[in-house]
Amino acid sequence: MLHIGGRSAPAADGGRFDVTDPATGEVIASVADATPADALAAVSAAADAAESWSATTPRYRSEVLRQAFELMGQQAEDLATLISRENGKALPDAHAEVAYAAEFFRWYAEEAVRASGEVMTAPSGGNRILVLRRPVGVCVLVTPWNFPAAMATRKIGPALAAGCTVVLKPASDTPLTALALARLLEEAGVPPGVVNVVPARRSGEVVATMLRDSRVRKLSFTGSTEVGRLLLHEAAGRVVNSSMELGGNAPFLVFADADLDAAVGGAMIAKMRNAGEACTAANRFYVEEPVAEEFARRLAARMSALRLGPGTDPGAEVGPLVNQEAVDKVDGLVREALAGGAKALSGGARPDRPGFFYEPTVLTGVRPDAPILREEIFGPVAPIVAFSGEEEALRLANDTEYGLVAYVYTGDLARGLRIGERIEAGMIGLNRGLVSDPAAPFGGMKQSGVGREGGHEGLLDYLETQYVAVSW
Ligand code: NAD
Numbered sequence: 001m002l003h004i005g006g007r008s009a010p011a012a013d014g015g016r017f018d019v020t021d022p023a024t025g026e027v028i029a030s031v032a033d034a035t036p037a038d039a040l041a042a043v044s045a046a047a048d049a050a051e052s053w054s055a056t057t058p059r060y061r062s063e064v065l066r067q068a069f070e071l072m073g074q075q076a077e078d079l080a081t082l083i084s085r086e087n088g089k090a091l092p093d094a095h096a097e098v099a100y101a102a103e104f105f106r107w108y109a110e111e112a113v114r115a116s117g118e119v120m121t122a123p124s125g126g127n128r129i130l131v132l133r134r135p136v137g138v139c140v141l142v143t144p145w146n147f148p149a150a151m152a153t154r155k156i157g158p159a160l161a162a163g164c165t166v167v168l169k170p171a172s173d174t175p176l177t178a179l180a181l182a183r184l185l186e187e188a189g190v191p192p193g194v195v196n197v198v199p200a201r202r203s204g205e206v207v208a209t210m211l212r213d214s215r216v217r218k219l220s221f222t223g224s225t226e227v228g229r230l231l232l233h234e235a236a237g238r239v240v241n242s243s244m245e246l247g248g249n250a251p252f253l254v255f256a257d258a259d260l261d262a263a264v265g266g267a268m269i270a271k272m273r274n275a276g277e278a279c280t281a282a283n284r285f286y287v288e289e290p291v292a293e294e295f296a297r298r299l300a301a302r303m304s305a306l307r308l309g310p311g312t313d314p315g316a317e318v319g320p321l322v323n324q325e326a327v328d329k330v331d332g333l334v335r336e337a338l339a340g341g342a343k344a345l346s347g348g349a350r351p352d353r354p355g356f357f358y359e360p361t362v363l364t365g366v367r368p369d370a371p372i373l374r375e376e377i378f379g380p381v382a383p384i385v386a387f388s389g390e391e392e393a394l395r396l397a398n399d400t401e402y403g404l405v406a407y408v409y410t411g412d413l414a415r416g417l418r419i420g421e422r423i424e425a426g427m428i429g430l431n432r433g434l435v436s437d438p439a440a441p442f443g444g445m446k447q448s449g450v451g452r453e454g455g456h457e458g459l460l461d462y463l464e465t466q467y468v469a470v471s472w
């Protein structure tokens with residue numbers, strides 16, 4: 001069913017599509033497939049609810065979001081199982097996602113009451129400059145399948161805190177979590193029409209239709225750079241305020257003075273969270289020559305010890321990838337690297353079992369021009385390249401159109417900060433393999449995006465600034 005104006009509704013043309021379990025290929029649900037007319041009905045519901053929602057007090061919106069945080073905690077088991085079933089990720093990853101996703105509601109419950117403005121005296125002294133903030137209006141939110149809960153709450157939390165209403169178009173591989181969140185938000189006290197969800201297979205048509213509607217004032221997209229570029233073109237038609245969280249190609253630098261155990265531990269998190277299906281996943285490992293071999297050996301030992309299994313199986317550490325296309329892409333990149341002279345220290349193939357699994361893989365001797373170093377792998381594969389010296393490390397790290405995140409391991413904090421300042425990435429993990437934090441501004445430079453989610457910046461993305469020149 002679609003979720004429009006607080007009610008479950010079928011698609012206008014009765015269309016539906018199947019949701020499958022990536023561990024087995026089994027159909028687990030059938031969902032209404034929104035048409036452009038349904039998308040417009042959702043925009044109408046959001047527009048109708050906008051005035052009264054924006055007129056609620058910040059404290060009220062804060063309490064509702066706080067309640068949503070509490071409910072996510074109470075429903076964590078069910079939500080994690082749902083995420084694991086439709087996305088495939090191992091249950092520990094799914095639980096971690098639910099906790100992370102819920103934190104966006106708690107953080108923005110706290111930020112809802114902090115949308116402050118400014119007053120200053122004009123330099124001429126002739127008047128005051130009053131800076132006010134107000135909700136941007138109806139927002140279209142488009143999210144990917146890799147974090148079906150967190151990518152939605154990272155947008156819905158600040159949007160609702162700011163006083164905006166939303167239409168969420170989730171990825172068609174994972175619409176069930178988004179629908180569950182819409183119900184949870186209404187249970188928490190969000191009025192009908194404030195959060196609407198329109199799963200749709202014809203995503204291009206459905207989103208473009210909404211962007212052409214003059215009531216829509218903002219687009220917030222998380223997904224691939226390719227689709228982001230396309231949506232920026234579409235948003236340009238009506239100059240729709242746009243935030244973009246796009247793809248990544250994160251370098252993971254290990255200097256010879258790093259604590260190697262910590263670096264391998266960090267690499268496991270940066271690479272294997274979600275089986276590598278994360279925009280923040282370490283995509284290219286650059287290790288200083290004296291420790292490159294040892295790092296590769298230890299990483300391969302940890303990777304080959306991981307237990308593969310359906311996400312919902314107790315004990316499974318690595319679930320399947322999301323679909324056949326994802327496995328084919330990962331396998332193609334690995335084969336190309338091997339054909340170019342790389343060596344697999346672990347994995348390097350699809351395991352012989354049903355489901356969309358891929359073996360955790362470590363590659364060494366990867367050629368610098370190999371596609372696996374240029375494209376998002378989005379799977380459990382770690383290509384390692386040796387470097388010598390800071391300048392070469394920086395040149396390699398910055399040699400990409402992406403700029404989302406970079407990881408740096410070194411025993412010398414000054415060097416870590418110096419390198420961090422010269423890496424073109426919106427986020428740096430310094431001696432850490434995990435950067436995501438609802439209290440911090442998440443986002444990319446270069447073709448990894450525009451705008452930030454999380455932190456105080458995330459709230460500002462849903463507020464218009466209005467200035468009043470006044471004499472008093
Ligand atoms: P995708 O770009 O294929 O799809 C993202 C969303 O856009 C989905 O809801 C999809 O249905 C929709 N979509 C696809 N084509 C569209 C079109 N023409 N018009 C409108 N909507 C369209 O990405 P994906 O495969 O779902 O997710 C993986 C990508 O997301 C990776 O590139 C990853 O790096 C990126 N990602 C980025 C972040 C971040 O915060 N920067 C977070 C998670 C994922």
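Residue numbers (full-length UniProt numbering): 1 to 472. By construction, the Cβ of each residue, glycine as well, lies at the ideal position given by its N, Cα and C atoms. As the structure is a prediction and not an experimental result, all values here were calculated from the model.
Should residue 469 be labelled buried (16 or more other beta-carbon atoms within 10 Å of its own) or exposed? exposed
Buried or exposed: where does residue 412 fall if 16 or more other Cβ atoms within 10 Å of its Cβ makes it buried? exposed
Between residue 107 and ligand 1, is there a pair consisting of the residue's CB and a ligand heavy atom that are separated by less than 7 Å? no
When the Cβ atoms of the segment 215-232 are set against those of the segment 444-462, are three or more pairs found closer than 8 Å? yes
Spatially closest choice to residue 270 from 255, 249, 335, by CA coordinates: 249
What is the rounded straight-line gap between the Cα of residue 426 and the Cα of residue 13? 43 Å
May I ask whether a heavy atom of ligand 1 can be found less than 7 Å away from the beta carbon of residue 252? no
Under 8 Å between the Cβ atoms of residue 88 and residue 311? yes
If you draw a straight line from the alpha carbon of residue 363 to that of residue 320, how long is it in whole angstroms? 20 Å
Whose C-alpha, out of 194, 302, 167, 202, is nearest the C-alpha of residue 51? 194
What do you reckon, are the CB atoms on residue 40 and residue 108 nearer than 8 Å? no
Three Cβ pairs or more, each shorter than 8 Å: is that satisfied between the segment 110-128 and the segment 27-37? no
Where do the ends of the beta strand (DSSP E) carrying residue 196 lie? 195-197
Is residue 416 near ligand 1, in the sense that its beta carbon is under 7 Å from a heavy atom of that ligand? no
Determine the direct distance from the alpha carbon of residue 378 to that of residue 253, and round the result to whole angstroms. 19 Å
Taking residue 204 as part of the alpha helix (DSSP H), name the residues at either end of that continuous run. 203-211
Around the Cβ of residue 543, are there at least 16 other Cβ atoms within 10 angstroms (buried) or fewer (exposed)? There is simply no residue 543 to check, as the chain begins at 1 and stops at 472 in what is shown.
C-alpha distance - residue 239 paired with residue 163, whole-angstrom precision: 21 Å
What is the DSSP secondary structure of residue 42, reduced to helix, strand or coil? helix
Heavy atom of ligand 1 less than 7 Å from the Cβ of residue 120, yes or no? no
Element boundaries [beta strand (DSSP E), containing residue 373]: Element bounds for residue 373: n/a, residue is neither H nor E.
Take every Cβ of the segment 355-362, pair it with every Cβ of the segment 316-331, and state whether three or more of those distances are shorter than 8 Å. yes
Own chain partners of residue 344 with C-beta closer than 8 Å, once the 5 adjacent residues on each side are dropped: 334, 338, 361, 362, 363
Can you find a heavy atom of ligand 1 that lies under 7 Å from the Cβ of residue 35? no
Using the beta-carbon count (16 or more within 10 Å), is residue 158 buried or exposed? buried
Note the first and the last residue of the continuous alpha helix (DSSP H) segment covering residue 290. 289-304
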